[in-house]
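**Q** This note's numbering applies: residue 56 is where the sequence shown begins, and numbers increase by one.
Cβ coordinates follow ideal geometry from the N, Cα and C atoms, glycine included.
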Amino acid sequence: MMEIKPVLKQIIVTFLMIFISYILQTTVFTKLELAGVVPNFLIIITTSFGLMRGSKYGMGVGFICGLVLDCFSGSYFGIYLLIYLYMGFLSGLFKRMFYGDDIKLPLALIAANDIIYGILIYLIMFLPRKRFAFGYYFFNTIIPEAVYTILLSIVVYYIVLRVNQWFDKDNKRSGKGLV
Numbered sequence: 056m057m058e059i060k061p062v063l064k065q066i067i068v069t070f071l072m073i074f075i076s077y078i079l080q081t082t083v084f085t086k087l088e089l090a091g092v093v094p095n096f097l098i099i100i101t102t103s104f105g106l107m108r109g110s111k112y113g114m115g116v117g118f119i120c121g122l123v124l125d126c127f128s129g130s131y132f133g134i135y136l137l138i139y140l141y142m143g144f145l146s147g148l149f150k151r152m153f154y155g156d157d158i159k160l161p162l163a164l165i166a167a168n169d170i171i172y173g174i175l176i177y178l179i180m181f182l183p184r185k186r187f188a189f190g191y192y193f194f195n196t197i198i199p200e201a202v203y204t205i206l207l208s209i210v211v212y213y214i215v216l217r218v219n220q221w222f223d224k225d226n227k228r229s230g231k232g233l234v
């Protein structure tokens with residue numbers, strides 16, 4: 056039986072993680088709302104992979120996450136794609152500072168990305184419609200979503216970390232890999 060190449064394994068596993076994250080975000084956790092918000096699993100996935108595997112991989116994951124959101128829930132096509140693409144790129148810039156067992160940097164990046172994401176969505180989606188209640192939106196939507204996302208990212212981050220370590224082990228064994 057032919058073994059699947061490590062690069063193909065990485066792509067398949069990453070797509071599965073994105074798909075599962077999207078399903079959790081849009082179905083299961085809509086029933087588990089806290090303060091009227093749901094956690095943003097796709098930000099956790101994009102930030103984590105960008106941080107662990109670098110800017111190119113982060114951009115790829117961000118591109119797919121944004122594309123999925125644009126296709127299934129976006130009102131302006133391409134907005135989520137660009138936001139997540141840049142999120143993955145910027146997270147990848149911190150790869151040199153990344154240490155797997157230290158969770159402070161990943162949590163700080165996930166929190167920053169979630170807050171910036173919320174602000175950009177407000178500027179793009181609400182401000183043009185002359186909805187100027189930024190303070191209300193910030194304290195009642197952006198901050199609660201960031202807190203909920205950070206709480207769940209503690210668990211999800213370690214899952215992504217283990218997958219990343221599996222990728223690295225598989226790449227060392229074969230001498231190849233995406234990054």
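So within the segment 114 to 178, which uninterrupted alpha helix (DSSP H) runs reach at least 4 residues, ignoring any that extend past its ends?
**A** Runs of the alpha helix (DSSP H) inside the segment 114 to 178: 134 to 147 and 159 to 176.
**Q** Under 9 Å, do Phe261 and Gly143 count as touching if we go by C-beta distance?
**A** It is not possible to answer for residue 261, since the shown part of the chain is limited to 56 through 234.
**Q** Does DSSP classify Asp225 as helix, strand or coil?
**A** In the sequence shown, counting from the first residue as 1, residue 225 sits at position 170. Helix.
**Q** Is Leu87 helix, strand or coil when you go by DSSP?
**A** Working through the sequence shown from its first residue, we reach residue 87 at position 32. Leu87: coil per DSSP, three-state reduction.
**Q** In its own chain, which residues sit with a C-beta less than 6 Å from the C-beta of Pro199, not counting the 5 before and 5 after it?
**A** Here residue 199 corresponds to residue number 144 of the sequence shown, with the count starting at 1. Excluding positions up to five away in sequence, the list reads Ala90 and Val92.
**Q** How long is the line joining the alpha carbons of Leu178 and Arg186, rounded to whole angstroms?
**A** The residue labelled residue 178 in the question sits at position 123 within the sequence shown. The residue labelled residue 186 in the question sits at position 131 within the sequence shown. One C-alpha to the other measures close to 10 Å.
**Q** Please return the same chain residues whose Cβ sits closer than 6 Å to the Cβ of Ala201, not counting the five positions on each side in sequence.
**A** Taking the first residue of the sequence shown as position 1, residue 201 is located at position 146. Once the five neighbours on either side are set aside, the close Cβ partners of Ala201 are Ala166, Asp169 and Ile170.
**Q** What is the DSSP secondary structure of Lys60, counted as helix, strand or coil?
**A** Taking the first residue of the sequence shown as position 1, residue 60 is located at position 5. DSSP places Lys60 in coil when its eight states are reduced to three.
**Q** Leaving out five residues before and five after Leu160 in sequence, what residues of the same chain have Cβ atoms less than 8 Å from its Cβ?
**A** The residue you call residue 160 lines up with position 105 of the sequence shown. Excluding residues within five positions, the ones whose Cβ falls inside 8 Å are Leu106, Phe149, Met152, Phe153 and Tyr154.
**Q** Could you tell me the distance, in whole angstroms, from the CA atom of Met57 to the CA atom of Phe193?
**A** The residue given as residue 57 occupies position 2 in the sequence shown. The residue given as residue 193 occupies position 138 in the sequence shown. Bear in mind that the predicted position of Met57 carries a pLDDT of just 49, short of 50, making it unreliable; the figure below should be weighed with that in mind. Spanning the two alpha carbons is a distance of roughly 52 Å.
**Q** Which whole-angstrom value is the C-beta distance of Phe104 and Val215, which I expect to be below 8 Å?
**A** Here residue 104 corresponds to residue number 49 of the sequence shown, with the count starting at 1. Here residue 215 corresponds to residue number 160 of the sequence shown, with the count starting at 1. Contact flag correct, Cβ pair sits at about 7 Å.
**Q** Suppose contacts are defined by Cβ-Cβ distances below 9 Å. Is Leu162 in contact with Ile197 by that definition?
**A** Against the sequence shown, residue 162 aligns to sequence position 107. Against the sequence shown, residue 197 aligns to sequence position 142. No, Cβ-Cβ distance for Leu162 and Ile197 is not below 9 Å.
**Q** At which residues does the alpha helix (DSSP H) containing Phe104 begin and terminate?
**A** Counting from 1 along the sequence shown, the entry for residue 104 is found at position 49. Looking at the DSSP string, the run of the alpha helix (DSSP H) that includes Phe104 is Phe96 to Arg108.
**Q** According to DSSP, what are the bridge partners of Val202?
**A** What you label residue 202 is simply residue 147 of the sequence shown in a count that begins at 1. DSSP lists no partner for Val202.
**Q** Find the nearest neighbour of Thr101 within the set Thr85, Leu124 and Val83, judged by alpha-carbon distance.
**A** Taking the sequence shown and counting its residues from 1, one reaches residue 101 at position 46. Nearest of Thr85, Leu124 and Val83 to Thr101, Cα basis: Leu124.
**Q** By Cβ distance below 6 Å, which residues in the same chain neighbour Leu122 in space, the five residues on each side in sequence not counted?
**A** Position 67 of the sequence shown, counted from the first residue, corresponds to residue 122. Cβ within range, chain order: Leu136.
**Q** Tell me the DSSP secondary structure of Val92 in three-state form.
**A** Stepping through the sequence shown from its first residue, residue 92 is reached at position 37. Three-state DSSP puts Val92 in a strand.
**Q** Using 9 Å as the threshold, is the C-beta distance between Ile205 and Tyr172 below it?
**A** Along the sequence shown, one-based indexing puts residue 205 at 150. Along the sequence shown, one-based indexing puts residue 172 at 117. Cβ distance not < 9 Å, so Ile205 and Tyr172 don't count as in contact.
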